[in-house]
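K.L.:
Just dropping this structure here.
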Amino acid sequence: MAKKITIDPITKLEGHGKIEIFLDDDGDVKNAYLQVPELRGFEQFCVGRPVEELARITPRICGVCPTTHHLCSTKTLDAVYNVTPTDTAVKLRRLINDAFIAEDHLLHFFFLGGPDFVVGPDAPPGERNILGVIGKVGIEIGKKVIDMRRRLRSIITYLGGRVIHPVCGLPGGISKGLPEDQRLAFLKVAKDAVEFSKFCLQVFDDIVLKNDTYLDLIVGDIFKHQTYYMGLVDENNKVDLYDGKIRVVDPNGKEFVKFEAKDYLDHIVEHVEPWSYIKFPYLKNIGWKGFVDGIDSGVYRVAPLARLNAADGMKTPLAQAEYEKMYATLGGKPAHNTLAFHWARLIEVMYVSEELVQLLEDKSITNPDIRNLPTETPSEGVGVIEAPRGTLFHHYKTDKNGMVTNVNLIVATVNNSAAISMSIAKAAKGLISKGKVDDGLLNMVEMAFRSYDPCLACATHSLPGKMPLIVNLRDNNKDIVKSIRRD
Amino acid sequence: MKTLVLGLGNTILTDDGVGIRVAQKIKERCKNVDVSEASAAGFRVIDEIIGYDKLILIDSIKTGKSEPGKLHKFTFEEFKKTRHHAQPHDISLFEAFEIIKQHGDKLPSEIEIYAVEVSDTSTLSETCTMEVEASIPKISQKIIDEQSLFK
Chain A
72 MAKKITIDPI
82 TKLEGHGKIE
92 IFLDDDGDVK
102 NAYLQVPELR
112 GFEQFCVGRP
122 VEELARITPR
132 ICGVCPTTHH
142 LCSTKTLDAV
152 YNVTPTDTAV
162 KLRRLINDAF
172 IAEDHLLHFF
182 FLGGPDFVVG
192 PDAPPGERNI
202 LGVIGKVGIE
212 IGKKVIDMRR
222 RLRSIITYLG
232 GRVIHPVCGL
242 PGGISKGLPE
252 DQRLAFLKVA
262 KDAVEFSKFC
272 LQVFDDIVLK
282 NDTYLDLIVG
292 DIFKHQTYYM
302 GLVDENNKVD
312 LYDGKIRVVD
322 PNGKEFVKFE
332 AKDYLDHIVE
342 HVEPWSYIKF
352 PYLKNIGWKG
362 FVDGIDSGVY
372 RVAPLARLNA
382 ADGMKTPLAQ
392 AEYEKMYATL
402 GGKPAHNTLA
412 FHWARLIEVM
422 YVSEELVQLL
432 EDKSITNPDI
442 RNLPTETPSE
452 GVGVIEAPRG
462 TLFHHYKTDK
472 NGMVTNVNLI
482 VATVNNSAAI
492 SMSIAKAAKG
502 LISKGKVDDG
512 LLNMVEMAFR
522 SYDPCLACAT
532 HSLPGKMPLI
542 VNLRDNNKDI
552 VKSIRRD
Chain B
4 MKTLVLGLGN
14 TILTDDGVGI
24 RVAQKIKERC
34 KNVDVSEASA
44 AGFRVIDEII
54 GYDKLILIDS
64 IKTGKSEPGK
74 LHKFTFEEFK
84 KTRHHAQPHD
94 ISLFEAFEII
104 KQHGDKLPSE
114 IEIYAVEVSD
124 TSTLSETCTM
134 EVEASIPKIS
144 QKIIDEQSLF
154 K
């Protein structure tokens, strides 16, 4: 007789993310789910405000990617007011976006996800952190990472007013321009970032790719899903992190659809489950078939690996060479290996660093025409951008006075929520059998989870930075047999 | 001695923003003091504090054992074994401190941590709950007096 699993609605998940793993009669994993508490009322909070305030409010959803929300909100304001930003403003916004993605990806690789590889998944937890990484690669490198991030962030501080919550975006442009002396100073930072990217990819090569155990983990089955992939591309179908059209490819790599931001509701629908407040977007025209992958399931993925899968290449030469190397190693496009998100992340650092050099070598970035004033009556607009963690959509509706009447956000990580649940389930199934649980379980499950660099705060417009994780193992009667806490 | 007052929190989450509100009040009253605000944690805050000799941190806390609006004071050592952030995005401020110290950057040698007892940090609102809101002027004055910030 099939056992139906129902999970009670969450009543009080205050501040805890939970992974629930359900066992069947034989003690094998039947399913696993990621549950996240939601912060409700975000839309109500925004309604009735002047729409420009959203560029200040939406970054407060999360203290980690506020820059991305700010830029996406600014692009949405362009759309709401039907105003085109000046070329110089677009270049400056791209500059901020690239600097942010570089420093954020570096933070993730060295301090958060990277330790899984650089130190090793079997290393004791005390070592599986940045101190362990520095121990392995040398203390000089630790200094370089910290220094590189600081210098990249100085670009954002200068143009954005503040680095943690920049405030420079305006409908039709940007509030501050770049003088010549700063252009030259930042050009030096950009060139050093390119060199640093080469170093990071070398680290990945030496420590990860040349190690058979890690390579097996990357290409192995436990961390693999054949999903659709989504990302922004330019007119040549090359990866673009600031603007372009949204392209989706199927699990075989064939283009499924390419659409503009304003049409997102024709293509993306959010599925709701009673046991989690996180929503599960899927491709409308394929349909929701459950937490499964494959060409008949509407589940798709976003973020670094997905972006590289959805595109035909990188715009810049060094990144393109790395892109080709990655796919040659992984056996072609698209790559379905979840752990390869880390590799793709480093390739993106290379791309944005090269683009920073290109933007800053062009003297026209110092032009004073940084804004077109809006003249039309505001009504409705959609903005899209690629956050470090995936495609981000902001959608605002206003009355004719520019007061918000409706807000909808599809936030990066939430696009991956179905895939994250699936990755957790698959990892758990591979590690638990006959009720025997290895202590390495939490880490392997977290490895699946960490590859996505998920931002649960953003995904649920939820409590930022307060997410200790609990993994509960439940038997066939839903009683907890083991609970592992990370808090 | 170069001192920085740093308010931490999220100003759209009701009481979660009290750290920043108190810091802003201190700035109003002591124009010559360096005051900063941050709605982030761990590594992202480190850049703000390098170069100062003394750091006064102000944040919110929910011990559940005091009335909302009460001011707690902690030492840095008390937080060494703090809640580990499993949000795979960041490390705790205290771990970040350790890392930076190992790289020879000049971190504040004196750190004072103030935390205001709060009740609601999950409702969206730009103002704090009544008792917490009412406590802001008194708390800021207490910190100013204790730390001799007014010159």
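If you read the sequences in order, they're chains A and B.
First residue of the first sequence: 72, per this note's numbering; consecutive thereafter.
First residue of the second sequence: 4, per this note's numbering; consecutive thereafter.
Each residue gets a CB set at the ideal place from its N, CA and C atoms; glycine is no exception.
Remember, predicted model here, so these are calculated numbers, not experimental data.
Can you find a C-beta in chain B that's less than 7 Å from the C-beta of A:R120?
P.N.:
Position 49 of the first sequence, counted from the first residue, corresponds to residue 120 of chain A. Cβ-Cβ to chain B under 7 Å: no for A:R120.
K.L.:
Give me the Cβ distance between A:A264 and A:M301, rounded to the nearest whole Å; I'm assuming they're in contact under 8 Å.
P.N.:
Residue 264 of chain A sits at position 193 when you count from the first residue of the first sequence. Residue 301 of chain A sits at position 230 when you count from the first residue of the first sequence. Rounded, the Cβ-Cβ distance is 27 Å, inconsistent with contact.
K.L.:
Taking 6 Å as the cut-off, is the CB of A:L148 close to at least one heavy atom of the ligand SAH?
P.N.:
The model depicted lacks the ligand SAH and carries no ligand whatsoever.
K.L.:
According to DSSP, simplified to helix, strand and coil, what is A:H176?
P.N.:
Locating residue 176 of chain A in the first sequence gives position 105, where the first residue counts as 1. A:H176: helix per DSSP, three-state reduction.
K.L.:
Have a look at A:S450 and A:F464 and give me their C-alpha separation to the nearest angstrom.
P.N.:
On the first sequence, position 379 is the one that residue 450 of chain A refers to. On the first sequence, position 393 is the one that residue 464 of chain A refers to. Distance between the alpha carbons of A:S450 and A:F464 is about 17 Å.
K.L.:
Using a beta-carbon distance below 7 Å, is A:I172 in contact with chain B?
P.N.:
The count along the first sequence starts at 1 and reaches residue 172 of chain A at position 101. Taking Cβ atoms only, chain B never reaches closer than 7 Å to A:I172, which makes this a no.
K.L.:
Which value, in whole angstroms, describes the spacing of the CA atoms of B:E40 and B:V48?
P.N.:
Position 37 of the second sequence, counted from the first residue, corresponds to residue 40 of chain B. Position 45 of the second sequence, counted from the first residue, corresponds to residue 48 of chain B. Their backbone Cα atoms lie some 9 Å apart in a straight line.
K.L.:
Identify which residue in A:P237, A:E344, A:A490 and A:G119 has its Cα closest to the Cα of A:C136.
P.N.:
Here residue 136 of chain A corresponds to residue number 65 of the first sequence, with the count starting at 1. Ranking the options by Cα distance to A:C136, first place goes to A:P237.
K.L.:
Between the C-alpha atoms of B:E134 and B:P71, what's the straight-line distance to the nearest angstrom?
P.N.:
The sequence position of residue 134 of chain B within the second sequence is 131, counting from 1. The sequence position of residue 71 of chain B within the second sequence is 68, counting from 1. Whole-angstrom Cα-Cα distance: 6 Å.
K.L.:
Excluding the 5 residues flanking A:E306 on each side, which residues of the same chain have their C-beta closer than 7 Å to its C-beta?
P.N.:
Your numbering for residue 306 of chain A matches position 235 in the first sequence. Scanning its chain for C-beta atoms nearer than 7 Å, with the 5 sequence neighbours on each side dropped, one finds no residue around A:E306.
K.L.:
Find the residues of chain B that neighbour A:H236, judging by a C-beta separation of less than 7 Å, and give them in chain order.
P.N.:
What you label residue 236 of chain A is simply residue 165 of the first sequence in a count that begins at 1. In chain order: S42.
K.L.:
Please list, in chain order, the residues of the region 212-227 of chain A that have any C-beta partner in chain B closer than 7 Å.
P.N.:
G213, K214, I217, R221 and R224
K.L.:
Sorted by chain position, which residues of the same chain lie with C-beta nearer than 6 Å to A:S488's C-beta, five sequence neighbours on each side aside?
P.N.:
The residue given as residue 488 of chain A occupies position 417 in the first sequence. Answer for A:S488: I349 and F351, listed in chain order.
K.L.:
In three-state terms, what does DSSP make of A:M385?
P.N.:
The residue you call residue 385 of chain A lines up with position 314 of the first sequence. A:M385 falls in the coil class under three-state DSSP.
K.L.:
Whether or not the region 138-150 of chain B and the region 23-40 of chain B are in contact is what I'm after, with contact meaning three or more pairs of Cβ atoms, one per stretch, closer than 8 Å; do they touch?
P.N.:
yes
K.L.:
Could you list which residues in chain B have their beta carbon closer than 8 Å to that of A:G112, in chain order?
P.N.:
Taking the first sequence and counting its residues from 1, the one referred to as residue 112 of chain A is at position 41. In chain order: T126 and L127.
K.L.:
Spell out the partners DSSP gives B:F97 in its beta bridges.
P.N.:
Numbered from 1 along the second sequence, position 94 holds the residue referred to as residue 97 of chain B. Paired residue(s): none; B:F97 is not in a bridge.
K.L.:
Shorter than 7 Å from the beta carbon of A:F116 to some beta carbon of chain B?
P.N.:
In the first sequence, the residue the question calls residue 116 of chain A occupies position 45. Taking Cβ atoms only, chain B reaches closer than 7 Å to A:F116, which makes this a yes.
K.L.:
So, using beta-carbon positions, are A:V258 and A:I172 closer together than 7 Å?
P.N.:
The residue given as residue 258 of chain A occupies position 187 in the first sequence. The residue given as residue 172 of chain A occupies position 101 in the first sequence. The residue asked about is misnamed: residue 258 of chain A is Leu in this sequence, not Val. It is not a contact, given that the beta carbons lie outside the stated cut-off.
K.L.:
Compute the distance between the beta-carbons of A:L410 and A:F520, then report whether it is under 7 Å.
P.N.:
As a first step, residue 410 of chain A is located in the first sequence; it is residue number 339 there, counting from the start. As a first step, residue 520 of chain A is located in the first sequence; it is residue number 449 there, counting from the start. Result no, Cβ atoms of A:L410 and A:F520 do not sit closer than 7 Å.
K.L.:
What does A:N477 pair with, by DSSP beta-bridge criteria?
P.N.:
Numbered from its first residue, the first sequence carries residue 477 of chain A at position 406. Answer by DSSP bridge pairing, in chain order: A:K468.
K.L.:
Using a Cβ-Cβ cutoff of 8 Å, what residues of the region 11-40 of chain B are near chain A? List them in chain order.
P.N.:
Correct list: N13, T14, I15 and L16.
K.L.:
Does DSSP classify A:F412 as helix, strand or coil?
P.N.:
For the purposes of this step, residue 412 of chain A is identified with residue 341 of the first sequence, where counting begins at 1. Note: A:F412 maps to helix in three-state DSSP.
K.L.:
Could you compute how far the alpha carbon of A:F362 sits from the alpha carbon of A:R221?
P.N.:
As a first step, residue 362 of chain A must be located in the first sequence, where it is residue number 291. As a first step, residue 221 of chain A must be located in the first sequence, where it is residue number 150. Between the alpha carbons of A:F362 and A:R221 lies a distance of about 40 Å.
K.L.:
Would you kindly check if the distance between the Cβ of A:A103 and the Cβ of A:I551 is under 7 Å?
P.N.:
Within the first sequence, residue 551 of chain A is the residue found at index 480, counting from 1. Within the first sequence, residue 103 of chain A is the residue found at index 32, counting from 1. No; because the gap between Cβ atoms is not below 7 Å, this pair is not in contact.
K.L.:
Grab the span of the alpha helix (DSSP H) containing B:A26 for me, first residue to last.
P.N.:
Within the second sequence, residue 26 of chain B is the residue found at index 23, counting from 1. Taken as a continuous stretch (DSSP letters only), the alpha helix (DSSP H) holding B:A26 covers V21 to R32.
K.L.:
Please give me, in chain order, every unbroken run of the alpha helix (DSSP H) with length at least 4 that falls completely inside the region 212-295 of chain A.
P.N.:
251-274 and 283-290
K.L.:
My assumption, with CB atoms under 8 Å, is that A:Y335 sits in contact with A:V453. Please give the rounded CB distance.
P.N.:
Here residue 335 of chain A refers to the residue found at position 264 of the first sequence. Here residue 453 of chain A refers to the residue found at position 382 of the first sequence. About 6 Å; that satisfies the 8 Å criterion.
K.L.:
Taking the straight line between their C-alpha atoms, what separation do you get for B:E129 and B:D19?
P.N.:
If you number the second sequence from 1, residue 129 of chain B lands on position 126. If you number the second sequence from 1, residue 19 of chain B lands on position 16. Cα to Cα, B:E129 sits roughly 10 Å from B:D19.
K.L.:
With distance defined between alpha-carbon atoms, name the residue in A:S492, A:K497 and A:D433 nearest to A:L163.
P.N.:
Along the first sequence, one-based indexing puts residue 163 of chain A at 92. If we check each option's Cα against that of A:L163, A:D433 comes out closest.
K.L.:
Express the C-alpha separation of A:L183 and A:E211 in angstroms, rounding to a whole number.
P.N.:
Translated into positions along the first sequence, residue 211 of chain A becomes position 140. Translated into positions along the first sequence, residue 183 of chain A becomes position 112. If I take the Cα positions, the gap works out to 19 Å.
K.L.:
Does chain B have any CB closer than 7 Å to the CB of A:R131?
P.N.:
By one-based count along the first sequence, residue 131 of chain A stands at place 60. It does; some Cβ of chain B falls within 7 Å.
K.L.:
Starting from the Cα of A:P375, find the closest Cα among A:E419, A:E341 and A:K214 and give me that residue.
P.N.:
For the purposes of this step, residue 375 of chain A is identified with residue 304 of the first sequence, where counting begins at 1. Nearest C-alpha to A:P375: A:E419.
K.L.:
Considering Cα atoms alone, identify which of A:S144, A:N323, A:V373 and A:L389 is closest to A:I339.
P.N.:
Translated into positions along the first sequence, residue 339 of chain A becomes position 268. Comparing Cα positions, the closest option is A:V373.
K.L.:
For A:I128, return the contacting residues in chain B, with the cut-off set at a CB-CB distance below 7 Å.
P.N.:
Here the question's residue 128 of chain A lines up with position 57 in the first sequence. Chain B residues near A:I128: I15.
K.L.:
Just how far apart, CA to CA, sit A:S554 and A:P242?
P.N.:
Position 483 of the first sequence holds residue 554 of chain A. Position 171 of the first sequence holds residue 242 of chain A. The straight-line gap from Cα to Cα measures roughly 49 Å.
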